[in-house]
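Protein chains in written order, with the working numbering: chain A, 1 to 448; chain B, 1 to 448; chain C, 1 to 448; chain D, 1 to 448. Take a look at the structure set out below.
There are 4 protein chains.
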Amino acid sequence: MQTIHPESKFVIVWESLIVLVTLYNYIAVPFRIAFKTSSDGIWLILDIISDSVLIADIFLRFHIGYIDQGAFIDDKHKIHQNYCSKDFKINLIASLPIDIIIRIIFYTTPGYVISILRLPRLLRGFQCLGIFRRWENNVNVNPVVIRMINLVVIIFLIDHCVACLWFFIGNVATISNQSWLTRASLQDASTTTQYMKALYWSITTLTTVGYGDITPTNDLEIAFTLVIMFLGVSMYAFIIGNVASLIANLDANQGRFREKLDQIQAYMRERRIPSYLQQQVRDYYQYMWEYSHDASMELDFLDELPHSIKTRIYLHLHQELLEKVPLFKDADKGFIEDLVIKLKPRILPPNDYIIREEQLGHEMYFIKRGEVIAFSEKTGRIYRTMTAGMFFGEIALLYSSRRTASVKTQTYCELFVLYKDDFDQVLENYPRFWEKVKEIAEQRFQTK
Amino acid sequence: MQTIHPESKFVIVWESLIVLVTLYNYIAVPFRIAFKTSSDGIWLILDIISDSVLIADIFLRFHIGYIDQGAFIDDKHKIHQNYCSKDFKINLIASLPIDIIIRIIFYTTPGYVISILRLPRLLRGFQCLGIFRRWENNVNVNPVVIRMINLVVIIFLIDHCVACLWFFIGNVATISNQSWLTRASLQDASTTTQYMKALYWSITTLTTVGYGDITPTNDLEIAFTLVIMFLGVSMYAFIIGNVASLIANLDANQGRFREKLDQIQAYMRERRIPSYLQQQVRDYYQYMWEYSHDASMELDFLDELPHSIKTRIYLHLHQELLEKVPLFKDADKGFIEDLVIKLKPRILPPNDYIIREEQLGHEMYFIKRGEVIAFSEKTGRIYRTMTAGMFFGEIALLYSSRRTASVKTQTYCELFVLYKDDFDQVLENYPRFWEKVKEIAEQRFQTK
Amino acid sequence: MQTIHPESKFVIVWESLIVLVTLYNYIAVPFRIAFKTSSDGIWLILDIISDSVLIADIFLRFHIGYIDQGAFIDDKHKIHQNYCSKDFKINLIASLPIDIIIRIIFYTTPGYVISILRLPRLLRGFQCLGIFRRWENNVNVNPVVIRMINLVVIIFLIDHCVACLWFFIGNVATISNQSWLTRASLQDASTTTQYMKALYWSITTLTTVGYGDITPTNDLEIAFTLVIMFLGVSMYAFIIGNVASLIANLDANQGRFREKLDQIQAYMRERRIPSYLQQQVRDYYQYMWEYSHDASMELDFLDELPHSIKTRIYLHLHQELLEKVPLFKDADKGFIEDLVIKLKPRILPPNDYIIREEQLGHEMYFIKRGEVIAFSEKTGRIYRTMTAGMFFGEIALLYSSRRTASVKTQTYCELFVLYKDDFDQVLENYPRFWEKVKEIAEQRFQTK
Amino acid sequence: MQTIHPESKFVIVWESLIVLVTLYNYIAVPFRIAFKTSSDGIWLILDIISDSVLIADIFLRFHIGYIDQGAFIDDKHKIHQNYCSKDFKINLIASLPIDIIIRIIFYTTPGYVISILRLPRLLRGFQCLGIFRRWENNVNVNPVVIRMINLVVIIFLIDHCVACLWFFIGNVATISNQSWLTRASLQDASTTTQYMKALYWSITTLTTVGYGDITPTNDLEIAFTLVIMFLGVSMYAFIIGNVASLIANLDANQGRFREKLDQIQAYMRERRIPSYLQQQVRDYYQYMWEYSHDASMELDFLDELPHSIKTRIYLHLHQELLEKVPLFKDADKGFIEDLVIKLKPRILPPNDYIIREEQLGHEMYFIKRGEVIAFSEKTGRIYRTMTAGMFFGEIALLYSSRRTASVKTQTYCELFVLYKDDFDQVLENYPRFWEKVKEIAEQRFQTK
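Now the structure itself:
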């Protein structure tokens with residue numbers, strides 16, 4: 001059998017199955033112990049199915065590889081070692097079908113004893129927490145959703161277990177003397193009604209609603225209630241802390257954007273900036289937000305990446321921009337790669353000057369989005385309209401010269417700038433191409 | 001009919017109307033289903049009015065433009081396409097007056113059936129959330145207020161719907177056996193009393209007050225209560241998380257300022273800075289806070305803006321300062337624009353030296369607010385008192401020289417500084433004006 | 001009468017009085033309206049005293065100056081204008097003793113009518129909020145304490161007003177039909193018991209404890225309860241949000257310090273740094289924390305201050321250090337002032353090298369705290385032990401030279417460093433002193 | 001007797017004992033006052049034991065040194081002074097066995113009077129808070145765990161004290177008239193049942209569950225309940241604030257990492273980066289996170305440390321890397337120390353270029369982890385495979401030259417880079433070694 005990749009579809013489906021089975025055990029085992037239900041019929045079938053999955057999992061794990069230092073390990077021996085040193089023992093204990101063996105040997109064992117023998121199944125819970133954590137990072141869903149589901153499941157299981165314990169304690173006391181069950185006249189009610197009342201008490205208490213229609217009657221019940229209320233406080237605080245921080249994270253970005261915009265607007269109101277200018281500033285920030293969500297982040301994140309990945313991302317984004325430039329036609333692939341990460345983004349609003357006639361130029365521009373016009377400042381004549389994929393100002397890379405035309409944006413534009421200094425720095429590492437560029441520069445300068 | 005701008009007054013008023021009508025539906029529909037009220041009389045009139053608005057909205061939307069990439073799109077065809085691809089279908093479903101048609105055809109249909117047919121109206125809720133979000137960003141009200149109102153409305157609607165469901169469930173059970181209504185002897189009470197009791201239970205539970213005077217009596221009611229309490233916890237946590245973060249944001253700025261001042265005071269106490277100096281530091285920060293709220297923000301924000309908008313803001317703020325300087329009289333408009341964004345703000349407390357006699361000067365100053373004096377360090381003679389709109393030290397822009405007088409603030413002052421380096425850098429781009437400035441410099445230097 | 005400074009002791013005492021009187025009104029007025037107490041005896045006396053204070057305040061305000069742009073304004077005319085344009089009107093309305101006038105004219109007016117006439121007094125609450133805010137910034141108490149007291153007072157007043165309203169509503173209903181008072185058999189109880197029960201209900205509900213022993217009985221009471229519970233949720237959320245953020249701010253600094261130390265320890269454990277080194281790092285941070293609380297803050301804060309204040313603080317801290325250096329004996333006061341702000345702090349643990357023999361030196365050192373030794377690296381002979389107030393390495397300011405001895409710390413030391421570059425920069429502005437320093441340098445170099 | 005170090009094992013054990021004894025007093029004293037238990041038998045023995053510990057502590061403190069300015073003070077006289085000026089008085093008051101003396105003199109004193117005399121023991125609580133705080137910083141346990149335990153203990157003690165007070169008040173009222181004890185028919189119940197009911201009420205109220213089965217019946221009880229509910233709100237808010245911030249801190253690092261990764265993924269989805277590239281970026285961040293938890297932190301923290309500690313840490317981490325380089329064989333120990341802190345870490349993913357053939361080199365590399373290959377770009381021939389502990393590119397330290405081979409990573413690698421500039425800077429301080437390096441450089445250059 002071949003080694004399976006730990007991030008393959010199959011493993012994700014299989015892990016979902018493990019989570020489902022564990023959920024079943026967490027619901028069924030406490031319920032069957034507390035309510036002393038028989039363990040036959042449908043329960044028996046479900047038990048056998050779920051145990052089969054868990055036992056199959058033990059064996060399957062020997063065929064699932066793992067990731068170490070970024071490399072996928074598929075060596076059977078290493079997987080074996082890794083698995084045995086980690087989860088094997090706990091998984092084994094959690095899967096041994098002692099209850100089924102006992103059932104076969106002593107087939108009159110009462111149902112709740114069998115359920116007690118199934119308690120080790122709950123150890124699988126730890127594994128499930130790990131699965132949830134992995135899902136958060138890998139599955140293509142918003143991790144906040146996964147965390148929310150995780151939280152809701154945990155809360156429900158706590159509610160459920162508390163309800164079962166509450167019924168169990170009430171039932172124990174019913175035999176000897178008064179209990180919450182006798183006071184609510186539930187000792188002979190159907191199991192459904194009993195369970196619902198117990199769950200009702202459990203949620204009423206843990207959410208601190210505390211109606212008070214079911215309250216503890218004897219010392220044992222009071223002691224249990226004390227513990228639960230103590231827990232309730234912590235659980236509540238924990239949930240509130242978690243949910244609040246989830247919500248805070250959910251749109252932390254947008255929150256920061258809003259706060260910033262609020263500050264800017266307050267500043268402009270105070271300085272009595274004319275309202276048409278205020279509108280322009282607001283529009284600009286709105287556009288930036290909608291377009292890039294957090295413009296400042298992009299640069300930081302790309303700068304952090306190792307050179308190779310960064311280059312690949314930049315190539316993906318801008319390669320075709322560079323390849324259109326005749327000057328770079330015969331350049332090395334390495335040269336283009338080195339050049340591409342020198343491109344600096346710039347987002348401009350409509351009617352903004354990019355280049356002014358007669359000013360000194362030290363950089364060239366590539367248009368990624370939007371439309372610009374080149375025109376004469378004196379005559380107002382429009383020389384050219386340029387759109388996405390075009391470039392201008394490339395002479396500035398060869399020698400600093402005064403611009404021969406003004407260039408202005410027509411719409412919101414995303415440009416990429418290449419500075420002469422950066423260009424020269426890259427050129428240094430490509431001596432043959434350097435020679436050629438120098439030649440072209442001299443020719444152009446003379447023809448000028 | 002002409003295309004309407006999406007941020008025009010008319011659209012804002014119209015959207016308020018949509019919100020109102022949707023609110024009406026959210027309140028009336030669940031109420032009328034639960035309490036099986038007749039759908040005639042006043043209800044019928046209100047239904048017809050509100051439905052007319054919704055239907056009118058469907059048609060009106062074809063005439064309201066939208067904003068794309070910072071440009072207002074008023075092309076009918078594009079609006080049509082944009083609207084159809086987005087909200088048209090859902091709006092249509094939410095507005096079809098099936099109930100009125102049914103009412104006309106089968107005029108004996110019971111009122112609650114008609115109300116059930118009105119359920120699709122509630123789909124408009126999504127649109128309203130969008131409207132609220134747009135208001136936050138555009139309307140000239142503190143966005144926190146909008147968010148608070150939004151939150152309160154949502155909470156109330158949840159309370160209302162839960163109350164209606166609670167009554168509905170109680171009513172269903174009343175027919176067969178015991179329910180919360182019969183236990184509270186409300187089965188024959190007036191609709192008002194019934195509704196208020198149901199709302200009372202709903203809020204008591206959701207806020208976790210849980211008096212316990214109205215509690216579920218049968219399995220259906222218990223099941224409903226369980227769900228509601230579960231929801232209650234989340235809702236509560238959600239609200240607390242939201243309100244807490246709203247409050248935290250409300251004066252995040254002031255909070256940061258306070259924290260900083262607290263730290264500074266702790267530092268000064270520890271180092272035993274004399275108390276008159278402590279007072280001066282405190283006063284300075286108080287002044288900075290009151291005057292600029294967050295002095296550090298201003299620069300960051302202006303530096304982020306694209307060149308054109310930044311220039312316009314600076315021109316608005318400082319143009320008249322620059323134009324008073326004789327040296328810049330004949331300068332280009334472009335030159336002034338380039339110069340104005342080089343001005344650096346400086347806020348000084350009373351009695352602070354700006355310039356000291358005999359020290360080398362590399363910058364000139366403009367006074368925006370406050371009063372300064374120029375005086376001789378040796379004789380103490382005051383040469384000049386200067387106030388807002390005046391400037392000094394302009395010779396330093398021409399050639400570095402030792403200052404001929406000391407200048408000191410009299411009150412809190414806001415100055416703007418222009419450094420020689422920045423001046424020279426701008427000058428480079430205006431060769432003709434450069435010549436002239438050089439000439440003036442030489443003349444002055446000789447006369448000196 | 002002379003103008004009073006708004007931050008003088010007298011004003012603080014007077015404002016405390018205003019707060020007290022307003023507190024009295026907030027407690028007494030709702031209580032007397034709800035419980036229809038007579039307005040004679042002790043109440044009359046208290047009313048007259050409190051009203052006198054408020055009326056006196058109106059006149060006194062004309063003699064209290066204010067702060068504008070950092071300057072204390074004591075011009076009577078300006079104070080008059082400023083006061084009239086701000087608080088005068090509201091203060092006047094809140095202080096008019098209509099109730100006393102009515103009492104004199106119609107001396108049989110029932111007590112609760114008189115109390116209603118006193119309602120405008122509550123407008124002073126706004127003024128009190130302002131006073132609290134000013135206390136936070138100016139009084140020499142931890143602002144968090146002031147905010148906490150403020151919060152507790154507001155919560156108590158809300159509880160109190162709700163209790164009074166609850167009794168009032170119960171009382172109104174008692175006349176016609178059943179109410180919470182009749183159900184709890186309180187209609188004939190003493191006022192104290194009635195008030196306490198009402199307050200008990202109010203706090204039980206607002207804190208969401210909700211025992212349920214007092215619940216609304218008629219529609220009016222239910223409606224009121226609904227409103228209060230709605231409010232309760234918000235109030236609760238508000239308080240929790242506030243208290244949580246107060247606590248978070250209370251030791252935000254320490255929290256950051258702890259988080260940092262936790263990270264550092266985790267890092268060191270991971271890299272298996274030997275435990276004696278770990279202890280040294282921990283000790284160093286502990287020391288830094290205890291000594292300076294936030295070492296990084298000091299520099300930032302001082303750099304932000306305007307030059308004059310910064311210089312005064314540095315002079316206070318380090319003047320005597322500099323004056324001991326023979327080289328600076330004949331220097332200008334201005335020179336010392338310029339030099340002092342160039343000193344850079346450095347905190348070193350025991351046994352740390354400051355200077356190593358034979359290495360090039362570019363700076364001199366001043367000892368602020370602790371003990372260092374100068375010794376020969378080769379022979380190990382100790383040349384000198386230096387303590388607080390002493391300095392070394394001053395030759396490096398004159399010309400870069402190799403150090404002639406090593407210097408090492410003996411205890412934790414706080415040093416101040418003066419770099420040659422900074423020294424030269426300051427020297428430039430004092431040409432005469434420059435000459436002298438050059439001379440000394442040449443002499444020393446030749447003697448070497 | 002020798003002076004004991006304040007961070008020794010013995011002191012930690014002893015302080016645990018003090019905490020235990022204080023806990024005992026906090027539980028026993030209020031309980032015995034409220035329930036008027038006899039103070040004989042087991043209580044007497046426990047009292048004597050606990051008091052012995054406290055008295056022994058008073059004397060022991062004179063032999064425990066303290067830390068001042070980073071130095072351990074073991075001078076008996078100084079310890080004496082330090083202790084007397086701080087905790088001695090309060091410890092003495094809290095330990096005087098007045099109750100035992102009274103018991104000996106008047107041996108018929110009722111038990112609760114004796115318990116009242118034991119109230120000063122509770123003053124030790126402050127000392128315990130201090131102990132907890134020290135544990136947080138020094139003990140090798142996650143400080144969050146210590147804080148959580150601290151919080152739980154405080155909450156329990158508050159619950160306990162409130163329960164005792166509640167019983168006490170109920171008991172006082174029982175004598176004269178009705179009380180909560182008589183209404184619940186508990187006046188003749190066993191002490192256990194009474195205490196549990198009281199604790200039950202206390203927790204029910206403080207957690208705001210508020211069942212309402214035990215409610216105050218007379219004015220005194222109502223007044224007490226009011227105070228407790230007021231406290232309950234604050235306590236609750238305090239706990240929630242604390243727990244929420246503890247949770248937030250618990251994985252603040254991971255939270256920030258997740259938020260960042262979420263942003264990056266959003267960015268990549270938006271720009272339609274191909275999914276294999278997305279996977280590479282995600283893997284890289286996963287690796288960085290797992291390996292270094294917060295890569296950016298490392299550098300900051302090390303840069304902050306004083307030179308001596310920083311050097312020692314770097315030596316521990318990298319000494320063996322440097323010592324393997326033949327070039328540094330004869331170098332000074334000081335030279336290695338200075339060089340080691342110039343190493344810059346770099347983490348690279350598989351298949352990333354480190355050096356490219358023919359490009360100019362200015363730095364050398366050390367491999368800390370992972371595997372790299374040196375190969376010819378043209379022929380593709382692999383010259384060498386290098387693993388952890390090896391180095392390459394050392395010629396670049398001697399003179400800038402074009403690289404003769406490309407080097408590429410095979411796995412995730414952790415490299416350390418040494419730049420020529422840093423190398424030269426260190427070399428300057430070691431003139432003799434400088435000469436030697438220059439010689440070697442010249443030889444190599446000629447042979448080339």
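C-beta: ideal position from N, C-alpha, C; glycine also. Only a predicted model underlies this, so the values are computations on that prediction, with no experimental measurement involved.
Check: Best match in C:164, C:80, C:208, C:228 for proximity to residue 191 (chain C) [C-alpha to C-alpha]; Outcome: C:164
Check: Continuous beta strand (DSSP E) assignments of at least 3 residues falling wholly in the segment 296-344 of chain B; Outcome: none
Check: Straight-line gap, residue 6 (chain C) to residue 205 (chain A) (C-alpha atoms, nearest Å); Outcome: 54 Å
Check: Chain-ordered residues of the segment 152-164 of chain D with a beta carbon less than 8 Å from chain C; Outcome: none
Check: CB contact flag (residue 91 (chain A), residue 57 (chain A), <8 Å); Outcome: yes
Check: Beta-carbon proximity list for residue 295 (chain B), same chain, < 8 Å, skipping 5 on both sides; Outcome: Bear in mind that the predicted position of residue 295 (chain B) carries a pLDDT of just 47, short of 50, making it too unreliable to give a figure here.
Check: Contact with chain D by residue 232 (chain B), beta-carbon distance below 8 Å; Outcome: no
Check: Proximity test, Cβ basis, 8 Å: residue 350 (chain D) and chain C; Outcome: no
Check: Same chain, Cβ closer than 8 Å to residue 125 (chain C), neighbours up to 5 away in sequence not counted; Outcome: 22, 26
Check: Chain-ordered neighbours of residue 229 (chain C) on chain B, where CB pairs are closer than 7 Å; Outcome: 203, 204, 207, 209
Check: Cβ separation of residue 155 (chain C) and residue 101 (chain C), assumed to be a contact under 8 Å, to the nearest whole Å; Outcome: That pair is no contact at about 35 Å.
Check: C-alpha gap between residue 16 (chain A) and residue 78 (chain A), whole angstroms; Outcome: 25 Å
Check: Separation of residue 178 (chain A) from residue 45 (chain B), as counted between CA atoms; Outcome: 60 Å
Check: Within chain D, partners of residue 317 (chain A) - CB distance below 7 Å; Outcome: 271
Check: Range covered by the alpha helix (DSSP H) that runs through residue 26 (chain B); Outcome: 9-34
Check: Any 3 or more C-beta pairs closer than 8 Å across the segment 208-228 of chain B and the segment 206-214 of chain C; Outcome: yes
Check: C-alpha gap between residue 227 (chain C) and residue 150 (chain C), whole angstroms; Outcome: 24 Å
Check: Neighbour flag for residue 255 (chain B) against chain D, beta carbons, 8 Å; Outcome: no
Check: Close-in-space but distant-in-sequence residues of the same chain around residue 19 (chain D) (CB under 7 Å, 5 per side omitted); Outcome: 128, 131
Check: Residues of the segment 370-396 of chain B with Cβ closer than 9 Å to any Cβ of chain D, in chain order; Outcome: none
Check: Contacting residues, own chain, Cβ-Cβ under 6 Å from residue 37 (chain D) (five flanking each side not counted); Outcome: 111
Check: Same chain only: Cβ atoms within 6 Å of residue 34 (chain D), ignoring 5 sequence neighbours per side; Outcome: 164, 167, 168
Check: Burial state of residue 242 (chain C), where buried means 16 or more other Cβ atoms lie within 10 Å; Outcome: buried
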